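Enquirer: Mapping of the sequence shown onto full-length UniProt numbering: residues 1 to 328, in sequence order.
Where a beta carbon is used, it is the ideal one built from N, C-alpha and C, also for glycine.
All figures in this text were calculated on a predicted structure; none of them were measured in a lab.
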Amino acid sequence: MSQLIRTLKSHIRDEVIKKGGWVNSHAHADRAFTMTPEKIKIYQNANLQQKWDLVDEVKRNSSVEDYYRRFSQAIELMISQGVTAFGTFVDIDQVCEDRAILAAHKAREVYKNDIILRFANQTLKGVIEPNARKWFDIGSEMVDMIGGLPYRDELDYGKGLEAMDILMDTAKSQGKMLHVHVDQFNNPKEKETEQLCDKAVEHRMQGRVVAIHGISIGAHPREYRQMLYKKMKAVDMMMIACPMAWIDSPRKDEVLPFHNALTPADEMIPEGITVAIGTDNICDYMVPLCEGDMWQELSLLSAGCRFTNLEEMANIASVNGRKVLGLI
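1. Residue 302 to residue 130, Cα distance in whole Å?
2. I need the straight-line Cα distance from residue 294 to residue 169, nearest angstrom please.
3. Could you check the C-alpha separation between residue 277 and residue 138 for me, to the nearest Å?
4. If you follow the beta strand (DSSP E) that residue 239 is in, where does it begin and where does it stop?
5. For residue 100 and residue 282, I'd like the C-alpha separation in whole angstroms.
6. Using a Cβ-Cβ cutoff of less than 7 Å, which residues in the same chain neighbour residue 271 once the five nearest sequence positions on both sides are dropped?
7. Considering only C-alpha positions, which residue in the set 31, 243, 54, 36 is nearest to residue 72?
8. Which two residues bound the contiguous alpha helix (DSSP H) that contains residue 324?
9. Report, in whole angstroms, the separation of the C-beta atoms of residue 35 and residue 288, which I expect to be a contact under 8 Å.
10. Taking the alpha helix (DSSP H) that residue 104 falls in, what are its first and last residues?
11. Buried or exposed: which applies to residue 47, given that a residue is buried once 16 or more other Cβ atoms fall within 10 Å of its Cβ?
12. By Cβ distance, which residues of its chain are closer than 8 Å to residue 266, with the 5 residues on each side in sequence left out?
13. Counting Cβ pairs, one atom from each stretch, are 3 or more of them under 8 Å apart for the stretch 314–325 and the stretch 11–18?
14. What three-state label does DSSP hand residue 11 in the structure shown?
15. Check for me: the alpha helix (DSSP H) holding residue 61 runs from which residue to which?
16. Suppose contacts are defined by Cβ-Cβ distances below 7 Å. Is residue 325 in contact with residue 108 by that definition?
17. Can the beta-carbon of residue 238 be found closer than 7 Å to that of residue 210?
18. Among 144, 296, 200, 136, which has the Cα closest to the Cα of residue 242?
19. For residue 263 versus residue 27, is the C-beta distance shorter than 7 Å?
20. Using a Cβ-Cβ cutoff of less than 7 Å, which residues in the same chain neighbour residue 183 once the five nearest sequence positions on both sides are dropped?
21. Kindly list the residues whose CB is nearer than 8 Å to the CB of residue 8, restricted to its own chain and excluding five residues on each side of it in sequence; keep chain order.
22. Return the residue from the list 145, 159, 198 that minimises the CA-CA distance to residue 151.
23. I'd like the span of the beta strand (DSSP E) that includes residue 193, first residue to last.
24. Helix or strand or just coil, what does DSSP make of residue 219?
25. Tell me whether residue 277 sits in a helix, a strand or coil according to DSSP, three-state version.
26. In its own chain, which residues sit with a C-beta less than 7 Å from the C-beta of residue 25, not counting the 5 before and 5 after it?
27. Might you give, ordered along the chain, the residues of its own chain that have their beta carbon closer than 7 Å to the beta carbon of residue 300, omitting 5 neighbours on each side?
28. Do you know offhand how far residue 178's Cα is from residue 144's?
29. Output the distance between the C-alpha atoms of residue 327 and residue 253, rounded to the nearest integer angstrom.
30. Report buried or exposed for residue 122, applying the criterion of at least 16 other Cβ atoms within 10 angstroms of its Cβ.
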């Protein structure tokens, strides 16, 4: 064959390169590649809330060198795909203490000429319990962005909103962006994105808050979704979609608006909301089949949302990622 026919994949990749290269806006590189055939039953038998504690095994048994090796493999995987900026959460808590973030900083120094790295602190133990709060405060000083998981404190103590206050106060006092996991469980009872919008106004953090996932938004009626998008736009809230992370949302018997378990980028982008993309977990207890493939993430989001605006697809994969990481 003398010449291959050009595909949409080739076109979009070329456009991404023109816009500065791929950006992986959200990951958990410290736990990447920890799934093995022997451990697959953890994924099969445990829900996400249970896995938040089951990963203690990995965290407890990982040295700084173990963490560095996983960071390096994840970073090199990104570089091989043309990723030029990479944002990752890093566990910093009473189980792993500061070993993962020390490894992250070592990796940043080693790869500083190859890729831009931005770190946020993961709060799997929440921020309410005193020891968890201690390590949140320590970790917040060691990262570029403040990270949060308010549902952990809602689940344990019924204090998700108080957790959001702590996250907002910390990010504001340190002059950092705030990245928060919200609306992950494809459940219309979840309204965390709306709550986050309200807290952004309360704490005067407009334009500094990034929501991650937003899967449950699609489970709400259209009227609610449209109201939410207006709120998000008003506070300049951005969103990171991680398609592979939640496409495995379990079957349910509830009657809901028909939707795929994906961030509704097709509705958000026309409303002027910045949507970026991330791989989230790479071959670990949470998402064992995610290989950290940026094209797979983008194509899944596009197909699952029936969103084929080629220019905006390239933006999702590039410039929008730089926006959510605070690089532009």
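Expert: The short version:
1. 42 Å
2. 33 Å
3. 28 Å
4. Here the beta strand (DSSP E) through residue 239 covers 238–241.
5. 16 Å
6. Hits under 7 Å: 229, 233.
7. 31
8. First-last of the alpha helix (DSSP H) with residue 324: 319–324.
9. 4 Å
10. 99–110
11. By the beta-carbon neighbour count (other beta carbons within 10 angstroms, threshold 16), residue 47 is exposed.
12. Cβ neighbours of residue 266 beyond the five flanking positions: 305, 306, 307.
13. yes
14. helix
15. 56–61
16. Contact flag unset, no.
17. Between residue 238 and residue 210, the gap from beta carbon to beta carbon is short of 7 Å.
18. 296
19. no
20. 190, 192, 193, 213, 214, 215, 216, 217
21. 310
22. 159
23. Not the beta strand (DSSP E): residue 193 falls in the alpha helix (DSSP H), residues 192–202.
24. helix
25. strand
26. Result list for residue 25: 87, 240, 276, 277, 278, 321, 324, 325, in chain order.
27. 243, 244, 247
28. 10 Å
29. 43 Å
30. buried
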